[in-house]
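Structure record follows, encoded as structure tokens.
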Amino acid sequence: MKSLEQYEEFITPLITEAEIMARCAALGAQLTEDYRDKDVVVVGILKGVIPFYADLLKHIRLPLCCDFLGLSSYGSRTETSGVVRLTSDLSKPVNNRHVLILEDIVDSGLTMNFLMDTMRTRNPKSVKICSLLHKPDNEIVHVNLDYVGFVIPNHFVVGYGLDYDERFRNLPYIGYFAGEVPELSTRADA
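All letters in the sequence shown, in the order written, are residues 24 to 213 by our numbering.
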């Protein structure tokens, strides 16, 4: 298999690691103010949110409860299937608590719309959404986002938790394939 560096020549950087860290610090300060004196559960949407979740939480200066939820809507490698499914549920109830949903990217809006409908049935005090990325040009269903890290153009992005065929999540920046996506080998000897 090729090294990560060999694939990076095909990736155009969109948001640098430094820009991501600065935005996490700013969002964390805002969330600290907005959730002061509230019982909040921070719910991360797996898997792509993991780096953002870890970096953002360092900047929220409150005693937080943390949980995760697994959702999927990607059928092919780069396009939503239009069907959202729950792949793993919360570990504890969120009724009568403030819920802050952390997401890596809001693209079509289908996943987040499904999640908001699901959360409302669980009777939280409030539900707000914080997404690292928002891609409004690809929106099918409008969802109100309370906090957004970056608004991006309609590119299929990878890095910082975002994947292409479960790969490239470990890039420290966010980028996109400028041309044709390179073939990924799954053979150990490739």
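Don't be surprised by glycine CBs; every beta carbon is placed ideally from N, CA and C.
Are the CB atoms of residue i and residue j nearer to each other than 8 Å?
{"i": "V117", "j": "M139", "result": "no"}
{"i": "L155", "j": "F179", "result": "no"}
{"i": "C47", "j": "D90", "result": "no"}
{"i": "G71", "j": "R192", "result": "yes"}
{"i": "F13", "j": "V171", "result": "With the chain covering 24 to 213 only, the question about residue 13 has no answer from this structure."}
So, at 8 Å on beta carbons, what are the nonlocal neighbours of residue i in its own chain, with the 5 sequence-adjacent residues on each side left out?
{"i": "P36", "result": "Y196, I197, G198"}
Locate the alpha helix (DSSP H) running through residue i, then write down its first and last residues.
{"i": "L125", "result": "Not the alpha helix (DSSP H): L125 falls in the beta strand (DSSP E), residues 121 to 129."}
{"i": "P36", "result": "Unbroken run through P36 is the beta strand (DSSP E), 34 to 38; no alpha helix (DSSP H)."}
{"i": "L133", "result": "133 to 143"}
If I'm right that residue i touches residue j with Cβ under 8 Å, what's the distance once you round it to whole angstroms?
{"i": "S96", "j": "T39", "result": "The pair is not a contact, with the Cβ atoms about 28 Å apart (cut-off 8 Å)."}
Suppose the cutoff is 6 Å on Cβ atoms and the five residues either side in sequence are ignored; what does the same chain contact list for residue i look like?
{"i": "N146", "result": "N118"}
{"i": "L84", "result": "In the sequence on display, residue 84 carries Arg and not Leu. For R84, where only same-chain residues beyond five positions count, the Cβ hits under 6 Å are T55."}
{"i": "I6", "result": "This structure does not reach residue 6, given that the chain is present from 24 up to 213, and the question cannot be answered."}
Could you spell out the range, first to last residue, of the beta strand (DSSP E) harbouring residue i?
{"i": "Y170", "result": "170 to 174"}
{"i": "D200", "result": "In the sequence as displayed, the identity of residue 200 is Phe instead of Asp. Unbroken beta strand (DSSP E) run through F200: 197 to 200."}
{"i": "S154", "result": "149 to 157"}
{"i": "L69", "result": "63 to 69"}
Which residues in the same chain as residue i place their Cβ atom closer than 7 Å to its Cβ, once the five residues preceding and following it in sequence are excluded?
{"i": "N177", "result": "K158, D160, N161"}
{"i": "P205", "result": "Y30, F33"}
Could you tell me which residues DSSP puts in a beta bridge with residue i?
{"i": "R84", "result": "Paired residues: none, contrary to the question."}
{"i": "S95", "result": "R108"}
{"i": "Y30", "result": "Per DSSP, none; premise fails for Y30."}
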